[in-house]
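This report refers to the structure that appears directly beneath it.
Listed below in structure tokens is the structure:
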């Protein structure tokens, strides 16, 4: 085990004894150790390199150097990839024309492609932007230091989450709090505006507790409920269908805490450094969810495929929306799923999952559009609908993401064939039988049918929710 672990890890072997003691791969031990070190550095960064004490130049330099050190510790010479990738992409942005600079970098990384589109929006498309695009648009070309700091800072180089360049630059310059205070004042979010800088301590402690629970849950269950057991010949032959469904749900339930741990820890690191403040709740308590990547309860109790995806890997979903869904003129749903598969990598399982997801999304939209209104006649009917759609959503998600976990074509198709491709066929039947308008067409017709004053109010609502990309949509 020790020899295999060392050979498969190109990073530092300093923690090899710990890896052997706890029987985990060295690369995973290095990752967790670096994230914990980053958490400590984040607290130091906020306290001792606060914008009131230090220039943006120094903050950029320190954030970049610490980030590159963590990459070197975790990945060894593979970390050269960060510099080569960032350097080549920056060269494209400097030397390519503004009209075409975003195209050569479409599937490299989220931050680079986001920045490319945002620079293009800010410098060439000022009069053609949606409210959210206008909010994110970059009005000047970043310097090389600003660019490297944004892409390689120690808070997000290992696990993200991605963020907009404008939000990161406001954090470095110390203007993010004033910016959110001003938004609160304009929107009268809670009737009183606090001018003091809020502390992230409570949010960080809460997220670290979530990390501890998630990690404990994952380490306790993932070996007991392996996903690949769902395609074991003996299991499939001897287990009733309903128990296969239950096992698949439990296996996916045991797998998700791994992602909860990684993304919540990354969020806590950014918060500890002072990045992630997102205004105040109605009771006046500060929100630290500007770059949060998930909402665990909303995931586990999601009543639709879309709600699950909206609360899972939120920043990636926002990136896909900004660079693909909002800009693709033909079939944006399919294009977005395919781009997501390409971004994840070359494993065939990714493509099987995201192609299946297209059908699931379209079928879920058709059901909601045609069936849901019949259950809104009373609260009891609505509760029945919620329970049924929760169960269907969990089964659909579990069925869809099996290839994402198995990766290879053979095991993935073996799983789907053991289920006789039943949910694929069901989705196809639903899409063919139940009519549904595209979201863009429906939104356009609703907007065209609104009175002028109502339309202005609708646009104001759209602007405010888009500006806060992580605030949950409160409409039902």
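Residue numbers (UniProt numbering): 1 to 476. Heads up, the beta-carbon is just placed ideally off N, CA and C, and yes, glycines get one too. Being a predicted model, the structure only gives us computed values, none of them experimental.
Q.
With H, G and I counted as helix, E and B as strand and the rest as coil, what does DSSP make of residue 420?
A. coil
**Q.** Burial state of residue 337 (16 or more Cβ within 10 Å)
**A.** buried
**Q.** Bridge-paired residues (DSSP) for residue 294
**A.** According to DSSP, which records beta bridges pairwise, residue 294 is partnered with 312.
Q) In terms of residues, what are the limits of the alpha helix (DSSP H) holding residue 371? A) Element bounds for residue 371: n/a, residue is neither H nor E.
Q | N-terminal and C-terminal residue of the alpha helix (DSSP H) that residue 132 is part of | A | 131–136
Q: For residue 401, collect the residues of the same chain with a Cβ closer than 8 Å to its Cβ; drop the 5 residues on either side in sequence, then sort them by chain order.
A: 252, 353
**Q.** Outcome for residue 95 when other beta-carbon atoms lying within 10 angstroms are tallied against a minimum of 16
**A.** exposed
Q: Have a look at the DSSP bridge pairing and note the partners of residue 286.
A: 280
**Q.** Cα-Cα separation, residue 158 to residue 76
**A.** Rounded to the nearest angstrom, the gap between the Cα atoms of residue 158 and residue 76 is 13 Å.
Q: Please work out which residues of its chain come closer than 6 Å, Cβ to Cβ, to residue 326, disregarding the five sequence neighbours upstream and downstream, and give them in chain order.
A: Cβ within range, chain order: n/a, list empty.
Q. Cβ atoms of residue 110 and residue 319: under 7 Å apart, would you say?
A. At a Cβ-Cβ threshold of 7 Å, residue 319 and residue 110 count as neighbours.
Q: Return helix, strand or coil for residue 436, following the three-state DSSP convention.
A: coil
Q: Compare the Cα-Cα distances from residue 427 to each of 367, 244, 13 and report the closest residue.
A: 367
**Q.** Start-to-end residues for the alpha helix (DSSP H) that takes in residue 115
**A.** 110–124
(Q) According to DSSP, simplified to helix, strand and coil, what is residue 157? (A) coil
Q: Take residue 268 and list the residues in its own chain whose beta-carbon comes closer than 6 Å to its own, dropping the five residues that flank it on each side.
A: 204, 207, 208
Q | C-alpha distance - residue 59 paired with residue 361, whole-angstrom precision | A | 43 Å
Q. Tell me which same chain residues have a C-beta within less than 7 Å of the C-beta of residue 312, skipping the five on either side of it?
A. Taken in chain order, the residues that qualify are 294, 299.
**Q.** Buried or exposed by the 16-neighbour rule on C-beta atoms within 10 Å, applied to residue 14
**A.** exposed
Q.
I'd like the list of long-range same chain contacts for residue 177, defined as Cβ closer than 8 Å, with 5 residues on each side in sequence excluded.
A. 197, 198, 277
(Q) Do residue 250 and residue 225 count as a contact pair if the criterion is CB distance below 7 Å? (A) yes
**Q.** Candidates 314, 395, 54, 27, of which the one nearest residue 247 by Cα
**A.** 395
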